[in-house]
Ligand code: SF4
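Structure, rendered in structure tokens:
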């Protein structure tokens, strides 16, 4: 059980240890739920849930080797890639998302890192366009420099997503094309702009409980802590190195959400991938334990997600209300391209390439391509 002192604390703690976090995670469930819900109510309206729509603005063909990801070009999954979406297409999708109750659009591009040039300029225009619709705009574009983060901020970006994915120790078993430190460096670059940070991870990738705790140590030690922390359950996709992973149980998700809420009381904890496998009762327990954000829409980049109508019916049943945009942080101002104070620097930062061998990633890469493509994104 968590001490009264920590349950009722008001100061955010940045020096959680792995063993303290494991103790919280392993608390008898009723105590854990009570403690997490108490902290949740102290910092957030428990009947409000922030709703984001995730839009894949550039799908597939990614040069990275993330073991969980069907968008990595080296694995033979049946996703169909697309080039960067046009600004009008993105605007139409954002308007649809707004009409169905989303306050935020998160645009994802399957890139290793952002490169200055026409495609990034197009993304900046997307950011300006959505911010002018009075919606929060988030991007997840891979690794970025400080100058790129500041240019996104100028365009009106509200949040930048860059997940730590797992613990530093387990990271090398999941990805070989970049290092954990690269993730921290990008988050640091985002923090040098006035863009908020969204960073979380995935459970169910074969990691130990210590790795889940290790990821929360890394996230909670950031100062300030991320404004939003997505907790994903692995969606095991055929053709990826993690295709054979057993799904996690709802109890693991509830414990992870509750623990995240306790160690990061101010953050919005987002129930992310894997919700299609969760019952309404399971999701309700996650909301009780401190989750206060979801991704809406029937697709999360490339994996399935509950239909928005189903989510709104669940909200009605539970008496939940979608959070209005800019409730936590005020709306950024958009500078037009012609007013920009910043120039593209054409930098070529040396993001690392550890290049070590991960057996299951190598095995997936060596598998033959499926002969028929059946899934249309
Ligand atoms: S998770 Fe992102 S960086 Fe990794 S392979 Fe997928 S698209 Fe690329």
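Residue numbers (the UniProt record's numbering): 1 to 377. We treat Cβ as the ideally placed atom computed from N, Cα and C, and that holds for glycine. Keep in mind it's a predicted model, so treat the numbers as computed, not measured.
Looking at the unbroken beta strand (DSSP E) that takes in residue i, where does it start and where does it end?
i           : result
residue 201 : 201–203
residue 160 : 159–161
residue 232 : 228–233
residue 207 : Careful: residue 207 lies outside any beta strand (DSSP E) and carries neither H nor E.
Please return the same chain residues whose Cβ sits closer than 7 Å to the Cβ of residue i, not counting the five positions on each side in sequence.
i           : result
residue 365 : 74 and 75
residue 362 : none
By alpha-carbon positions, which one of the options ends up nearest to residue i?
i           : options               : result
residue 106 : 259, 272, 192 and 14  : 272
residue 24  : 125, 255 and 205      : 255
residue 160 : 181, 124, 170 and 180 : 124
residue 311 : 65, 102 and 60        : 102
residue 260 : 39, 104 and 11        : 39
residue 185 : 345, 351, 104 and 44  : 351
residue 120 : 219, 141, 136 and 130 : 141
residue 155 : 361, 268 and 340      : 340
residue 29  : 224, 286 and 308      : 286
residue 277 : 253, 342, 182 and 63  : 253
residue 157 : 163, 191 and 176      : 191
residue 296 : 174, 265 and 304      : 304
Quickly, what does DSSP pair residue i with across the bridge? List them, please.
i           : result
residue 291 : 269
residue 105 : 53 and 137
residue 143 : 113
residue 197 : 160
residue 82  : 59
residue 321 : 48
residue 173 : Answer is none; residue 173 lacks a bridge partner.
residue 218 : Its beta-bridge partners do not exist; DSSP assigns none.
residue 165 : 201
residue 72  : 62
Using C-beta distances below 8 Å, list every residue in its chain close to residue i, excluding the 5 sequence neighbours before and after it, in chain order.
i           : result
residue 239 : 70, 75, 76, 77, 78, 364, 367 and 370
residue 349 : 113, 143 and 145
residue 245 : 204, 205, 206, 234 and 236
residue 153 : 193, 194, 195 and 332
residue 17  : 217
residue 242 : 67, 68, 205, 206, 234, 236 and 360
residue 325 : 103, 104, 134, 135, 136 and 331
Work out the CA separation of residue j and residue i for me, nearest whole Å.
i           : j           : result
residue 347 : residue 148 : 10 Å
residue 26  : residue 208 : 13 Å
residue 206 : residue 333 : 42 Å
residue 375 : residue 85  : Only weak support exists for where residue 375 lies, its pLDDT of 39 falling under 50; the value from the coordinates is given anyway. Using only the alpha carbons, I get a separation of about 19 Å.
residue 306 : residue 172 : 32 Å
residue 138 : residue 257 : 22 Å
residue 250 : residue 338 : 50 Å
residue 50  : residue 201 : 18 Å
residue 309 : residue 356 : 44 Å
residue 178 : residue 37  : 37 Å
residue 12  : residue 82  : 42 Å
residue 315 : residue 59  : 30 Å
residue 199 : residue 224 : 12 Å
residue 35  : residue 267 : 16 Å
residue 180 : residue 188 : 13 Å
residue 19  : residue 327 : 34 Å
Tell me which residues share the same chain as residue i and place their Cβ nearer than 6 Å to its Cβ, disregarding the 5 neighbours each side in the sequence.
i           : result
residue 167 : 211, 214 and 215
residue 116 : 344 and 346
residue 130 : 94, 105 and 137
Can we count residue i as close to ligand 2, meaning its CB is less than 7 Å from some heavy atom?
i          : result
residue 72 : This structure lacks ligand 2; its bound ligands are ligand 1.
Just to confirm the assignment, what range does the alpha helix (DSSP H) spanning residue i have?
i           : result
residue 380 : Residue 380 lies beyond the residue range present for the chain, which begins at 1 and ends at 377; the question has no answer from this structure.
residue 183 : 180–191
residue 92  : 87–99
residue 327 : No alpha helix (DSSP H) contains residue 327, which DSSP labels as neither H nor E.
residue 20  : 18–25
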